[in-house]
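Last residue of the sequence shown: number 284 in this note's numbering, and the count goes up by one each step with no gaps.
Data block below; observations after.
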Amino acid sequence: MFKSLLNPLFSFDVEWIPDPLSAELLYHVENYPPYSYDDAFRTLWKEYGGTPERPQPYLKTILCRVVSIVGVFREVKDGTLHLELVCLPRDASDPEKCKESAILSGFLKAVGRRRPQLVGYNSSNADIPIIVERSIMHGLPGYGFSKRPDKPWEGADYFSTHGDYHIDLATRLGRYNMTPRLHEAATLSGIPGKIGVSGDSVAQMWLVGDLQGIINYNEFDALTTHLLWARMAHFAGLLNDDEYTLEQSAIRQLIEKEITNGKLHLENYLKEWDRLSTRIKNR
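Here it is in structure tokens:
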């Protein structure tokens, strides 16, 4: 279990797709009319073990393109808890903001500047590696995210396996084939897991131009990651009973504010949260 709760904190999740350019450069797949991006997707999946029974095998992250990063930014100021839902890209209709390099640089700059404690799920094996690999492929600087202190106690280090600046909740819950999926750990804790969409759906959503749908799905996972973090922080003694209740209330208020501002898809998140909470209350 993790030992510390740092301020600020960022619970995040990343969504990606097979990278059409990877298929073009490595396997000479055409990426312009009359060809289509699904040719590139099928080629990469086939080259990395795809079968009729398992058509979308897990690809090396370096072969994939980041399309969305969403997180809950948590900060305590003057004793008051503040939460913000942060989405990259901020505008799914703006092609410039949707470029992978813009998404990655936005994340790197924000983390490098604020130095939050990062919280993810399977982030040490997937989210952090893809951010690093794809940033290097784009020739981006680390913007402070990649900076490492000379000694572990002298500052934030997102690559150390000994500190708490990057907490991968999955590795704190299980090992190897006993590690639960986020959906499993969350749902059994009364927290919404996957609602209608799964990671396997993201590629098809991107092919039909539904980037906003991917961001919406990404928001669900980021909120779920934060709620699971709060539950684990409570177990670890980093949040007392009152603080844990306050954290859950703050998340609910954040979701309600986002709904008021037009994110009506989050209504389903609240409904599922209420349903699960009722189901496990008296187990």
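All residues carry an ideal CB built from backbone N, CA and C; glycine is no exception.
Simplified DSSP state of residue i, which is helix, strand or coil
i	result
D128	helix
H163	coil
G121	strand
D169	strand
F3	coil
L89	strand
S202	helix
L212	helix
S12	strand
R149	coil
E97	coil
L174	helix
R135	helix
Whole-number beta carbon distance between residue j and residue i, since they are thought to touch under 8 angstroms
i	j	result
V68	W17	6 angstroms
V30	A24	4 angstroms
F3	R173	6 angstroms
Y159	H167	5 angstroms
L170	Y122	5 angstroms
L247	Q118	18 angstroms between Cβ atoms; not a contact.
Proximity to residue i [Cα-Cα], best of the options
i	options	result
L84	E257, W274, F146 and K282	E257
R232	D40, P90, I192 and M138	I192
N269	V198, T226 and L183	V198
F221	I252, F236, G210 and Q205	I252
L228	E244, N217, G210 and R280	E244
K195	L119, N123 and E273	E273
S106	V133, G80, S124 and D92	V133
L212	V120, R91 and L277	R91
L86	K264, T279, R280 and G80	K264
I215	G121, S94 and S37	S94
S190	W230, S37, Y144 and F160	W230
C226	H235, A186, V209 and F42	For clarity, residue 226 is Thr in the given sequence; the question names Cys instead. When only C-alpha atoms are compared, the closest one is A186.
P142	L60, T81, C99 and V112	V112
L255	Y177, L26 and L224	L224
F42	P130, L109 and L60	L60
L27	T44, N262, C99 and L239	T44
Range of the contiguous alpha helix (DSSP H) that encloses residue i
i	result
V112	E101 to R115
K195	Where K195 is concerned, there is no enclosing alpha helix (DSSP H), given that its DSSP letter is neither H nor E.
T188	L183 to T188
D275	L267 to I281
Problem - Segments of 4+ residues assigned as alpha helix (DSSP H) that fall wholly inside the stretch 15-85 - result: 21-28 and 38-48
Exercise for the section: Write down every uninterrupted run of the alpha helix (DSSP H) in the stretch 216-263 whose length is 4 residues or greater and which is fully enclosed by it, in chain order. Expected result: 242-261
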